[in-house]
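Terminal number for the sequence shown in my numbering: 85, no gaps in between.
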Amino acid sequence: MAAATYVIKQFGIVSVGKFFAIFGLVWGFLMGIFVMAGVSGMGAMAGAQSAGVAGGLIALVLMVIIGGIFGFISGAIVALVYNIILGAIGGIEMDLEVKG
């Protein structure tokens, strides 16, 4: 098989931001489940079960939204810093093999 060497010169800031946003959404959902359980449990202990469940659902939605927003922002920052560093030291070499 023929192998070719490619160099990654830079990453698209918005593209990497969107990629990280998806991870942030998933992470926010997973963490939101735990927060929702905690808020719902506190509501049940306080004797306000419906308020606890409503608060838990609001917490879940907020965790997903915040996770997506901060995921995008952190991805964009990572790509920006990565591009600045690569401008100073060069690209990352990758050896790719043609499958066939």
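All C-beta atoms in this analysis are idealised placements derived from N, C-alpha and C, irrespective of residue type, glycine included.
Note that the structure is predicted; figures quoted are calculated from it, not measured.
With 16 other Cβ atoms within 10 Å as the buried cut-off, status of residue i
i, result
"Gly2", "buried"
"Ala44", "buried"
"Gly72", "exposed"
"Phe19", "exposed"
"Gly41", "buried"
"Leu81", "exposed"
"Met30", "exposed"
"Val(-8)", "exposed"
"Met79", "exposed"
"Leu15", "exposed"
Cross-strand partners of residue i (DSSP beta bridge)
i, result
"Met79", "Tyr(-9)"
Terminal residues of the alpha helix (DSSP H) in which residue i lies
i, result
"Gly26", "Ile(-2) to Met30"
"Ala73", "Gln34 to Ile74"
Q. Are the segment 58 to 73 and the segment -10 to 2 touching by the rule of at least three beta carbon pairs closer than 8 angstroms?
A. These segments touch.
Q: Count the CB pairs spanning the segment 6 to 22 and the segment 40 to 58 that are closer than 8 angstroms, and state whether there are at least three.
A: As far as the Cβ criterion goes, the segment 6 to 22 touches the segment 40 to 58, which means the pair count is three or higher.
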